[in-house]
Structures are given as structure tokens and as C-alpha cells.
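**Student:** Dumping the structure here so I can ask a few things about it.
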Ligand SMILES: Cc1cc2nc3c(=O)[nH]c(=O)nc-3n(C[C@H](O)[C@H](O)[C@H](O)COP(=O)(O)OP(=O)(O)OC[C@H]3O[C@@H](n4cnc5c(N)ncnc54)[C@H](O)[C@@H]3O)c2cc1C
């Protein structure tokens, strides 16, 4: 059979570029097809944190004893063993080598920037110099240096499927044939219909948006394309959601330390500074999937304008939502409620007023004693809530950090059909997968890690499979 390429990769983000490089290394002739006008996808726009263990960066930072077994146990335990052990094992064993590979390609991960990015006890979040573009550029440059073909501005519309196998793609009305196709189209955060179908708990009408908003083709195309040739979809209703006041579409990865978050029952339910890998889920699990940030006039005047409180992690992040001018402006629009008493405030937003008074009294007593002895919030300073007027801001977990429903693969990155059988000629990796993350996000860096680790696996396996088919064709010829 006549092929245009050995391997076609659909989507030129982190997973696609990693797959192309590894398939090329096997000797395969590769083509990366990218819908956008530039390569990089969400990977290039991301914060550039990569979750890995046993790395040279950790060792340079004095962490000598972090092992794949430890990482495996952490991820499995966090998700109550409801993860795919084979894929988590593969990730644990290969995330370190994948990070070293990125370093060889030119990415830099300063040891000073290692962070504890999940709820584990070891710093595994490797922050890239130049954020996401520090990783994407290394991959793009390597692909360029190897002479891997790329087509930009080319959105794949369909997979070619003949005699029970995938044999290429159709894009811009043109067919391109290859015995192996790797789908690496990323997530579906920008697709409201797919969010409601595959990630319904993230959907808050009028509120929900994705951090992928500047990556226009993060639309779940790979899921649709593969479903059309029989692929199964797994990981229903998983991903990462982050809390927001809904005032604007600016990223609010955490809540300010000077508020308390209370639910409809008038109770606190978490440390307001809990890590972003758990905060959004906790909020989403409250009655009516919402809560209220409560604070008083003193906090509004003294804390909301002080960068010490706006950026508790010294991450250089400004969150305009929680600054005094924004909050005062939102009082006028009615989004921020204000009242002279806690009871009146509770009545306005429909929460239990007596319980709110109790919650605030307890919190104030803790603040006076210099801490938070209920949820152990480690705030730079504690602001009791006792000087009216009092304020309430509704918060919801409505910012999509990543989507984790999608395609199912086996240990060779082959896409599985609804009966768990590999679809011949079809591979996948990255955020398009639904079989890697579980109910709880393991920590910052696990998505880029997923893209690069499984992108590399898909590339190796796709390259090998394509070359084996080429050899067979040559024998027949
Ligand atoms: C602002 C932001 C910050 C983030 N920070 C982090 C972080 O610090 N650490 C972390 O681990 N994760 C982070 N993430 C998530 C992480 O970036 C992604 O999960 C990961 O990069 C996905 O990689 P991918 O290769 O699967 O997809 P992408 O990098 O999104 O690449 C997919 C590519 O496929 C293309 N495409 C889609 N459909 C088609 C089609 N039909 N035809 C052709 N091409 C198509 C897209 O245009 C895109 O270029 C962040 C995401 C964002 C947006």
C-alpha cells in the first residue's frame, strides 16, 4: 500500500511533539498536523510545572531518596486505588527519565524552583524556566532540528478507517495516509457541550471557563475523531476545577487567606489556603456546589490591598478579584453582598445565620489566640471578622484546570474500543486520555508529565508498529 508517512500525529502540543520525536527516533517518517497557527498547544501556555521523582534536579536540591515506588504509592493512595495501576506504574518509572530527556533537549528546571505541588510530602513539582514555553520550545526546536514535517493551521476532520484499521486522516478536504495515527489533541475545556457531557460537575451555567481559553482548538476533537471509529470514552466527570468569584476570566488558583469560606449550612469546610489540587473539589462537594467568602470591613481595607496577603505563596501572582477596588465595584453590581450584621448577611445569601455566627465566633477566638485551630490555615496573619459592615462573595469551582475524561489506552498507548480491544493503527497520549488521572488530581505538573511521558510511549510504540508494517509490505512487494 502507498503511504504518505509512517506515523501521523494529530495535535502539536507537548504529547504530540514528544510522540513525533520518539517515532522519528525509531526511524519512522512523521508528520505533525496542528490546527492552530503555531505549535505548542496548552503545553506552551502552561505554568510549565512537571511532576517527577528521582531526578537530578531533586538530587541537586538535596532530595536523594524519592523513588518511583513512593510516587506510585502516593498517587494510588490519593485516589483510593481507583487508578489504572499499569499506567501509574509506567508513569512512576518513566517520569524521571522523561524530565532528564527534556533537560537534554534544553529545558531548564532550577533546583530552587522545586515545589511541593500536590498533597504529598516530597517536592516533585519541577518548574520550568520560561514556564510552559520553556518545555514546548525545547520540543519544537528538537522537532525542527530533526526535520520532522509539520502542517500548521490544519484541523483534522476525520480519521480514515478501512478494513477495520485506521489508515490516515482527512484535513482541509485532503486525505493523508499512514498506517499509524497518534491522537494528541489535548483536552476539551473550551467545548461547553462536551464539558456538560463528560465533565458535568465542572459545569456552572454562566460561570465555567477553562484556563485553556487562549488555546482555541482545545475542543476535544481527538475524542470525537476516535469515537467515530469505535473508541471507548472513560474517566467520566474527572479533571481539575479551581475556585472563582466569577467576576472575570482571570485565573484565581487560590483563595485569599483573610476570608473564611462557609457553605450553605454556615460552616467552614476546609482551610481556605488548601492546595489547589484539593480546594476546588472540596468546594464543589458542598450543598448546591457553592460557598461564600465572608470577611469584614477591616479585612477589606487592610488586607485586600496588601500584597503580603494577596500573594501568600510569594509566587508573584496578583489576583485582581480580591483587591478592594474590584470588591467595592462588585458591591454596586450586587455580586458582593454587604450587611451590617452577620444575620442580615446570611439572610441575603440564603445561608444558616445562627450557624454563621457560631462559625465566626469560633474563628475569631482562634484568630485572637494566633492561629486557626480548626482547619490549620497557615495564614501570614489572621483577620477576625467583627467590624461591620460584613461582606459575602459567592464562590464556585468553575475554572477548568484540565479535563481528564477521554480515550482509553493499553500499556502500549493503543486506543481501546468500547469492548477494550485495541483499534488497529490508532494511538493516543496526553490530555485527550481519560484513563490516567483519577477523582483527585495528584499535583501540579502531572498533566504536562502525562503529556510527555505518554507522548514518548505513544511515539515509541507507534514508530515500531509502523516500521513493522512497512517491513511486511516490503516482503509482500
Ligand atoms: C494556563 C495553563 C496552565 C497550566 N499549567 C500547568 C502546569 O504548570 N503543569 C501541568 O502539568 N499542567 C498544566 N496545565 C495543563 C497542561 O498544560 C496540559 O494538560 C498539557 O500541556 C496537555 O498537553 P497535550 O499535548 O495533551 O495537549 P496540548 O498541549 O493542548 O496540545 C494539543 C494540540 O492539539 C491541537 N489540536 C486540537 N484539535 C486538533 C485537530 N482536530 N487537528 C489538529 N490539531 C488539533 C491543539 O491546537 C493543540 O496545539 C496548564 C494548562 C493551561 C492552559
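In the working numbering, the protein residues as written are 2 to 478.
Note that CB positions come from ideal geometry on N, CA and C, so glycine has one too.
1) Verify the contact flag: residue 34, CB atom, against every heavy atom of ligand 1, threshold strictly below 7 angstroms.
2) Measuring from the CB of residue 222, is there a heavy atom of ligand 1 at a distance below 7 angstroms?
3) Quick one: grab the DSSP three-state call for residue 477.
4) DSSP three-state label for residue 52, please.
5) On the premise that residue 342 lies in contact with residue 442, defined as a C-beta separation below 8 angstroms, what is that separation, rounded to the nearest angstrom?
6) In its own chain, which residues sit with a C-beta less than 7 angstroms from the C-beta of residue 220, not counting the 5 before and 5 after it?
7) Which residue wins for smallest C-alpha separation from residue 376, given the options 272, 457, 411?
8) Output the distance between the C-alpha atoms of residue 139 and residue 256, rounded to the nearest integer angstrom.
9) Sort out for me which residues DSSP pairs residue 127 with in a bridge.
10) Please classify residue 322: does DSSP put it in a helix, a strand, or coil?
11) In terms of residues, what are the limits of the beta strand (DSSP E) holding residue 150?
12) Determine, using beta carbons only, whether residue 391 and residue 346 come nearer to each other than 8 angstroms.
13) Classify residue 269 as helix, strand or coil using the three-state DSSP reduction.
14) Quick one: grab the DSSP three-state call for residue 176.
15) Let me check understanding here. Comparing Cα to Cα, which of 401, 474, 470 lies closest to residue 8?
16) Can you say whether residue 142 is buried or exposed, counting buried as having 16 or more other CB atoms within 10 angstroms of its CB?
17) Have a look at residue 165 and residue 425 and give me their C-alpha separation to the nearest angstrom.
18) Short of 7 angstroms in beta carbon distance, which residues of its chain neighbour residue 285, apart from the five on each side in sequence? Order them along the chain.
19) Can we count residue 49 as close to ligand 1, meaning its CB is less than 7 angstroms from some heavy atom?
20) Looking at the secondary structure, which residues open and close the alpha helix (DSSP H) in which residue 405 lies?
21) Check whether the Cβ of residue 437 lies closer than 7 angstroms to any heavy atom of ligand 1, and answer yes or no.
22) Please determine, among 148, 178, 68, the residue with the shortest C-alpha to C-alpha distance to residue 162.
23) Can you tell me which of the three DSSP states residue 75 falls into?
24) Where does the unbroken alpha helix (DSSP H) through residue 105 begin, and where does it stop?
25) If you run the structure through DSSP and keep just helix, strand and coil, what is residue 10?
26) Going along the chain, which residues of its own chain have a beta-carbon closer than 8 angstroms to the beta-carbon of residue 176, five neighbours each way excluded?
27) Between 435, 124, 248, 358, which has its C-alpha nearest residue 335's C-alpha?
28) Whose C-beta lies closer than 7 angstroms to the C-beta of residue 466 among residues of the same chain, with five residues either side of it excluded?
29) Measuring from the CB of residue 213, is there a heavy atom of ligand 1 at a distance below 7 angstroms?
30) Could you check whether the Cβ of residue 130 sits closer than 7 angstroms to any heavy atom belonging to ligand 1?
31) Between which residues of its own chain and residue 348 is the CB-CB distance below 7 angstroms, once the five residues before and five after are set aside?
32) Given the structure, does residue 125 come close to ligand 1, in the sense that its CB is under 7 angstroms from one of the ligand's heavy atoms?
33) From the DSSP output, which residues share a beta bridge with residue 393?
34) Going straight from the alpha carbon of residue 460 to that of residue 417, what length do you get?
35) Please report the straight-line C-alpha distance between residue 381 and residue 274, rounded to a whole angstrom.
36) Measure the Cβ-Cβ separation of residue 167 and residue 427 and say whether it is below 8 angstroms.
**Tutor:** If we stick to the structure as given:
1) For the purposes of this step, residue 34 is taken as residue 33 along the chain shown, with counting starting at 1. For ligand 1, at least one heavy atom lies less than 7 angstroms from the Cβ of residue 34.
2) Numbered from its first residue, the chain shown carries residue 222 at position 221. Yes, ligand 1 has a heavy atom inside 7 angstroms of this Cβ.
3) By one-based count along the chain shown, residue 477 stands at place 476. Helix, per DSSP.
4) For this step, residue 52 is matched to residue 51 along the chain shown. Assignment of residue 52 by DSSP, reduced to helix, strand and coil, places it in the strand class.
5) As a position in the chain shown, residue 442 is number 441, starting the count at 1. As a position in the chain shown, residue 342 is number 341, starting the count at 1. Not a contact, Cβ separation roughly 39 angstroms.
6) By 1-based counting over the chain shown, the position of residue 220 is 219. Result list for residue 220: 189, 191, 192, in chain order.
7) In the chain shown, residue 376 corresponds to position 375, counting from 1. Considering only 272, 457, 411, the residue with the shortest C-alpha distance to residue 376 is 272.
8) In the chain shown, residue 139 corresponds to position 138, counting from 1. In the chain shown, residue 256 corresponds to position 255, counting from 1. Whole-angstrom Cα-Cα distance: 33 angstroms.
9) If you number the chain shown from 1, residue 127 lands on position 126. According to DSSP, residue 127 bridges with 51.
10) Against the chain shown, residue 322 aligns to sequence position 321. It is helical.
11) Within the chain shown, numbered from 1, the residue matching residue 150 stands at position 149. Annotation for residue 150: the continuous beta strand (DSSP E) segment containing it runs 150 to 152.
12) In the chain shown, residue 391 corresponds to position 390, counting from 1. In the chain shown, residue 346 corresponds to position 345, counting from 1. Yes; because the gap between Cβ atoms is below 8 angstroms, this pair is in contact.
13) Position 268 of the chain shown, counted from the start, is the residue given in the question as residue 269. The three-state secondary structure of residue 269, taken from DSSP, is strand.
14) Reading the chain shown from its first residue, position 175 is the one you call residue 176. Correct three-state label for residue 176: strand.
15) As a working mapping, residue 8 is identified with position 7 in the chain shown. When only C-alpha atoms are compared, the closest one is 470.
16) By one-based count along the chain shown, residue 142 stands at place 141. That one is exposed.
17) Counting from one through the chain shown, the residue named residue 165 turns up at place 164. Counting from one through the chain shown, the residue named residue 425 turns up at place 424. Near 7 angstroms, if we compare the C-alpha coordinates of residue 425 and residue 165.
18) Counting from one through the chain shown, the residue named residue 285 turns up at place 284. So the qualifying residues of the chain are 202, 242, 398.
19) In the chain shown, residue 49 corresponds to position 48, counting from 1. Yes; taking the cut-off as 7 angstroms, the Cβ of residue 49 has a heavy atom of ligand 1 nearer than that.
20) As a first step, residue 405 must be located in the chain shown, where it is residue number 404. Counting along the chain, no alpha helix (DSSP H) covers residue 405, and no H or E run does either.
21) Position 436 of the chain shown, counting from 1, holds the residue named residue 437. Residue 437: no, Cβ never under 7 angstroms from ligand 1.
22) In the chain shown, residue 162 corresponds to position 161, counting from 1. That would be 178, whose Cα lies nearest to the Cα of residue 162.
23) Residue mapping note: residue 75 aligns to position 74 of the chain shown, counting from 1. In the structure shown, the three-state DSSP call for residue 75 is helix.
24) Reading the chain shown from its first residue, position 104 is the one you call residue 105. Per DSSP, residue 105 is one residue of the alpha helix (DSSP H) stretching across 86 to 106.
25) As a first step, residue 10 is located in the chain shown; it is residue number 9 there, counting from the start. DSSP, read as helix, strand or coil, puts residue 10 in strand.
26) The residue labelled residue 176 in the question sits at position 175 within the chain shown. Shown here for residue 176: same chain residues with a beta carbon closer than 8 angstroms to its own, the five before and five after excluded, namely 161, 169, 170 in chain order.
27) The residue given as residue 335 occupies position 334 in the chain shown. Of the candidates 435, 124, 248, 358, 248 places its Cα closest to the Cα of residue 335.
28) Against the chain shown, residue 466 aligns to sequence position 465. Within the same chain, residue 466 has close Cβ partners 181.
29) Taking the chain shown and counting its residues from 1, the one referred to as residue 213 is at position 212. Shortest gap from the CB of residue 213 to any heavy atom of ligand 1: under 7 angstroms.
30) The residue you call residue 130 lines up with position 129 of the chain shown. Incorrect: residue 130 has no Cβ contact closer than 7 angstroms to ligand 1.
31) Against the chain shown, residue 348 aligns to sequence position 347. Cβ within range, chain order: 354.
32) Reading the chain shown from its first residue, position 124 is the one you call residue 125. No, the Cβ of residue 125 stays beyond 7 angstroms of every heavy atom of ligand 1.
33) On the chain shown, residue 393 is found 392 positions in, with the first residue counted as 1. 295, 338.
34) Position 459 of the chain shown, counted from the start, is the residue given in the question as residue 460. Position 416 of the chain shown, counted from the start, is the residue given in the question as residue 417. Put simply, the backbone Cα of residue 460 is about 17 angstroms away from that of residue 417.
35) The sequence position of residue 381 within the chain shown is 380, counting from 1. The sequence position of residue 274 within the chain shown is 273, counting from 1. Straight through space, the alpha carbons of residue 274 and residue 381 are spaced by roughly 11 angstroms.
36) Translated into positions along the chain shown, residue 167 becomes position 166. Translated into positions along the chain shown, residue 427 becomes position 426. In contact: residue 167 and residue 427 (Cβ atoms closer than 8 angstroms).
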